[in-house]
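Heads up, the thing below is written out as structure tokens.
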Amino acid sequence: QKEVEQNSGPLSVPEGAIASLNCTYSDRGSQSFFWYRQYSGKSPELIMFIYSNGDKEDGRFTAQLNKASQYVSLLIRDSQPSDSATYLCAVTIEGGYQKVTFGTGTKLQVIP
Amino acid sequence: GAGVSQSPSNKVTEKGKDVELRCDPISGHTALYWYRQRLGQGLEFLIYFQGNSAPDKSGLPSDRFSAERTGESVSTLTIQRTQQEDSAVYLCASSLSGISGYTFGSGTRLTVV
């Protein structure tokens, strides 16, 4: 079982819709959870992080964490074509230091 | 510096040659990481530095790969006797601590011909 799993997609949503991206992780000791956005040909950039169960909102983005079910999700409201990118879920795995393990990413396509 | 700086941005090398990739992290970031990303693939962890020590080298794929870091600043990743399968984008990231998330550099695209 992979440590961090994501559906590779592509996930296609129409402009203005809500995009929902999901991620599951295997280590119950995981402590910190991140979402990175990676445009084609560019390096990943951090867009959200969450540490506690529940929701965290930042503008059009909402991160949701459920530690009991071991999943974290990212909702993008009012999706725009500029949101089209690959979204990487990342998790800190306990191991003596805060090593971050990345999922392979979900490709999001927002259709105008 | 304001961001993580990597050089060169592109490198084309002949099979069998050695290459050095450089990373200059954000000032004050004690943690530094190297990742590899092959075309269309996810991020592959290579090595982690805390200061100038490397407590986790578990991702280095072979003994042709090595890395060092000077204090809490520049790091170099060296690939000896390059092979075509080494072709990838090599990404460097730095952080104050893992819980704060990483800032990535723009990467070095390595092509071995």
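Chains as they are written, first to last, in our numbering: chain A, 1 to 112; chain B, 1001 to 1113. Positions of the beta carbon are idealized from the N, C-alpha and C atoms, including for glycine. Note that the coordinates shown come from a computational prediction; the quantities given were computed from them, not determined experimentally.
Residue closest to residue i, alpha-carbon to alpha-carbon, out of the options
i                : options                            : result
N1010 of chain B : B:F1104, B:Y1035, B:G1105, B:V1089 : B:V1089
E57 of chain A   : A:L75, A:P44, A:S69                : A:L75
S69 of chain A   : A:D78, A:S79, A:N53                : A:N53
S1027 of chain B : B:G1042, B:R1038, B:A1002          : B:A1002
F1104 of chain B : B:F1045, B:P1008, B:P1025, B:K1015 : B:P1025
Same chain, Cβ closer than 7 Å to residue i, five either side skipped, listed in chain order
i                : result
D1086 of chain B : I1079, L1110, V1112
K1057 of chain B : I1047
T104 of chain A  : Q6, S8
Y77 of chain A   : It should be pointed out that residue 77 of chain A corresponds to Arg in this sequence rather than to Tyr. Hits under 7 Å: I18, R60.
Simplified DSSP assignment, three categories, for residue i
i                : result
P112 of chain A  : coil
P1061 of chain B : coil
S43 of chain A   : coil
S1053 of chain B : strand
Q70 of chain A   : coil
S52 of chain A   : coil
Q38 of chain A   : strand
Q31 of chain A   : coil
Neighbour-count burial assignment, residue i, 16 or more Cβ in a 10 Å radius
i                : result
Q1006 of chain B : buried
A1093 of chain B : buried
G1040 of chain B : exposed
Y36 of chain A   : buried
L1096 of chain B : exposed
V100 of chain A  : buried
R28 of chain A   : exposed
Q38 of chain A   : buried
Y1035 of chain B : buried
I18 of chain A   : exposed
R1069 of chain B : buried
P44 of chain A   : buried
V91 of chain A   : buried
S30 of chain A   : buried
Spatial neighbours of residue i in its chain, beta-carbon cut-off 6 Å, leaving aside the 5 residues before and after
i                : result
L1021 of chain B : L1077, Y1090, T1108
Q64 of chain A   : D55, S73
K1017 of chain B : T1082
Y25 of chain A   : V4, Q70, V91
message: Assess contact between the segment 100 to 109 of chain A and the segment 76 to 88 of chain A, defined as three or more Cβ pairs (one per stretch) separated by less than 8 Å. Is contact present?
response: Touching, per the Cβ criterion.
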